[in-house]
Structures are given as C-alpha cells and as structure tokens.
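What follows is a single structure, written as structure tokens, with notes after it.
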Amino acid sequence: MEKQDIVIVGSGCAGLFAALQFPADKRITMITKEIIEHSDSFLAQGGICVLKTPEDYQSFFDDTLKAGHYENRKESVDIMIRSSWDTIRELVSYGVDFARAEDGTLLYTREGAHSKPRILYHEDETGKEITSRLLSQVRSAHPNVQIIENTAMVDLICQDNTCRGVVIRRADGSYDIIPADYTMLACGGIGGLYKHSTNYPQLTGDGLAVCMEHGVALENINYVQIHPTTLYTKKPGRSFLISESVRGEGALLYNAKGERFANELMPRDLLTEAIRAQMAADGTDFVWEDLRPIGEEEIKNHFPNIYARCLEEGYDVTRECIPVTPAQHYFMGGIHVDEESKTTMEHLYAIGETACNGVHGKNRLASNSLLESLVFAKRAALHIIEHYTPQDGPLPAVDFSAYEPAETLAARRKEAILSEIRRLNEHEYQ
139 MEKQDIVIVG SGCAGLFAAL QFPADKRITM ITKEIIEHSD SFLAQGGICV LKTPEDYQSF
199 FDDTLKAGHY ENRKESVDIM IRSSWDTIRE LVSYGVDFAR AEDGTLLYTR EGAHSKPRIL
259 YHEDETGKEI TSRLLSQVRS AHPNVQIIEN TAMVDLICQD NTCRGVVIRR ADGSYDIIPA
319 DYTMLACGGI GGLYKHSTNY PQLTGDGLAV CMEHGVALEN INYVQIHPTT LYTKKPGRSF
379 LISESVRGEG ALLYNAKGER FANELMPRDL LTEAIRAQMA ADGTDFVWED LRPIGEEEIK
439 NHFPNIYARC LEEGYDVTRE CIPVTPAQHY FMGGIHVDEE SKTTMEHLYA IGETACNGVH
499 GKNRLASNSL LESLVFAKRA ALHIIEHYTP QDGPLPAVDF SAYEPAETLA ARRKEAILSE
559 IRRLNEHEYQ
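Residue numbers for the sequence shown follow my numbering, so the first one is 139 and each next one is one higher.
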C-alpha cells in the first residue's frame, strides 16, 4: 500500500476523534478488525463525565483517585478534568445530543463512587451517540481519511526503535503493509481474551501483543476491571451490561432472601467483591437488581435499550427484578504512554483503552473512559501535528511467510498476555 502520513489502528471514539484533529492535507488510513460499528465505544451506556462547575474540581479529582486506589497519575487526571468542557463543546459541535431539560440546560446523572451528579448522557447509549456522530463527521467532512474494515494489524514495522507503519492481514487472508510517518494504536481493550465479557470478542489485545514483542513499555496490564452488573443468562456470547447509571438513579441490589447486602454506589471493584461474596453465600450465579424504584416512565425514557433487551430475555424491569452477575468490562492497564500519548517507541502513539496514561489507576471511575479516550486522543494528534517529522528512506524488509496462521497467532498472543497478567497478579499478592 502507498505510504500514509498517519495510520490509525482501531475505529472507536479515540481513533475517530484523533482523525478529526488532523489537517486536510494529511493522508490518514484507519483500519478496523470488523465492521466499523463493532467497536466497544458504540456499547458504552452510562455517559461521559464533565467538570460541572469550577467548584467541583477537587471533588471530581478526589473521586477519580479514590476509585483508582490512589495509583493514578495525578498530572493525567488533572489534564482530563480541565479539558472536559472543551471536549464536550467539540462533541456538541459535531451534533452529539446530550439529554437536556425542557429549558435546554444539560441534565446530569450520578454513578457509583461519584460524590455528586456530573455525568452527561444520551438515554442509555451515550457511546453510540458520540461514536456515530464522530464517524459521520469523518465520513462527510474528511475525505483525507480512508477507512478499511475487516482488516487486522499483524505487526509493527520497526527500525531502530522507530515505528515505520504496520503489517496487516485482510479478510481474504492476504498480507500487506501500510508504511506511515506516524502510527496510532487505538485497538481497544482485551475482553475477547475472557469467557465472560461485555466487550466485542475481536478485542484481543492486538496492540498490547505487538508492543510486548517489540519491547515497547507496558504498564499495569494486570489491572482489569470487572463490572459488577451484567444481565445473567445461560446463553453464550457477549455479556449485556446493566449500566451503573440505573443504580445512580435508584436501582437496588438484593440477595436470594430479598435482602439488600451492599451500598449500590460503591466503586466497581468493591461492589464486585460484595456481589461475588453474596453469590457464594447464596449458592447462586447471580444476585437480583431492582430497577422499579426508578419509576416506569424514567426507565422507558432514560434506559430504553436496557428495558428492551431485558424484555427480549423475558424480564419486564418495570414489574420485576432481574438477575445480574459480574463480567470483565474494562482494561485500566495497557501500553505505557506519557501525557501526549507517546509510547517508548518513536513515532508510535497509543490512545483509548489500549493505552495506559495513568488516569484510572487500579480501578476506573464510572464514565471516565469516554472522556479520557477523547482528551488524550486529541492531545496525541496535536502533538503529532506540532512535531511532524516525515520518515524517508527504505523500509526494513517484511517477510509475510514468517507470520503464523491467524488462529495460531491469536492463540499464542492470548496465552502470552494472560500469562503476563497472571505473573503480575502473583507478584502483587506475594
């Protein structure tokens, strides 16, 4: 393939938002493993945090650090919070329709571990609203961005600790290279490595794997978040998230005896522990969640997709409790990056869930993921623009025949990532 200025691996909100920052004279190629709508950004239900008022700064900062067990990078948290309103204004300029009162003022909701409401939302599909608007903007106003679907990154093209582009495998199994001055990894999380996850199954840590193989620094890759409430089912496939927002609006949790057993607005990791302990005590695979305190009208208006999905499973949340159980949800660790989203390899950036800039610490605060992804995606793009240096000269040779079959490569990389996570967990608890 012809040389590009920037190649972006991934098509979620981070990759799309980064693409929108580049000037029209930059040739950009974005690749995605499946169709572009199959990114986890489309699945985000709850909302996006914002610094509601200047007086809320310390509370927002403290809530983020407390949820992260104070292992957060404070500088990154500060950047995210102070950049939040500029990010929201840009989203609104692209047509993102956040919930508003009749007088036009924005509405805010609250989720677990937040000391006050500061979360903007669009029904119970905020991620879909944001990501679809970004995608529409890329497609309609940025002809310099080429999107290639059903294409996987197999490897980085590296030379003297400098990234020169990526090796790809197309849907028909053929290989190609995309040489580029700059490479941005926006590959999402690692939920596809787990049996029970809210993530799409193709999210298997590809960015993490290639960085491991090329000696690019990683950070806290054993920091994996389990969401406390997904709809319990015996059916195979992706777990359906029951958003934390429902608990922020009044939903309650009950054990097998119909007794409350935990503070529903605890941080996710602590509530997950409480639910697992209760399931063990009850001898069940789930606990009960009651959305009825929210009220029928509010459920149907604020959470229409949760309402509809539960109906498909045979539950009317306006009339009865639903069974919920924890499942893997988010990846706080990742490829180590600085405050400009630079990795330890030159000309290689990482953004979104695949990156670790330290915002989330050991446990992510609810609805910080979309904000963090957007803020640091933009910082990465602006840093590339400011320091743009073309890469000329011959590329290192790439031998396509050296790559394993897709299934073999995926299995090997899965075991490599999970083995390293197990090793780090064992070390942590020694």
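Note that CB positions come from ideal geometry on N, CA and C, so glycine has one too.
Contact annotation: the region 482–492 does not touch the region 194–209, with fewer than three C-beta pairs closer than 8 Å. When DSSP reads this structure, CYS325 sits in no beta bridge, so it has no partner.
As DSSP reads the structure, TYR320 sits in a beta bridge with ILE144. Within the DSSP bridge table, the entry for HIS474 names CYS494 as partners. Here the alpha carbon of GLY329 sits roughly 33 Å from the alpha carbon of ARG238. In the structure shown, the three-state DSSP call for PRO461 is strand.
Taking a 10 Å sphere around the C-beta of ASP344, we find 16 or more other C-beta atoms and assign the residue as buried. Burial is judged here by how many other beta carbons sit within 10 angstroms of a residue's own beta carbon; ASP537 has fewer than 16 and is exposed. Between VAL513 and CYS494, the C-beta gap is not smaller than 8 Å, which leaves the two residues out of contact.
Of the candidates ALA549, ARG551, TYR487 and CYS325, the residue whose Cα lies closest to the Cα of HIS521 is TYR487.
Judged by DSSP secondary structure, MET350 falls outside any beta strand (DSSP E) and instead within the alpha helix (DSSP H) spanning 344–351. The alpha-carbon of ILE169 is positioned some 12 Å away from that of SER177.
Classified as buried, PRO405 has 16 or more neighbouring CB atoms from the shown chains inside 10 Å of its CB.
Between SER222 and LEU189 a beta carbon distance of about 5 Å is seen, short of the 8 Å cut, so the two are scored as contacting. Assignment of ARG302 by DSSP, reduced to helix, strand and coil, places it in the strand class. Closest by C-alpha distance to VAL462, out of SER377, TYR246 and LEU509, is SER377. For TYR468, the secondary structure class from DSSP, reduced to helix, strand or coil, is strand.
If you check the CB distance, THR371 and GLU435 do not come in under 8 Å.
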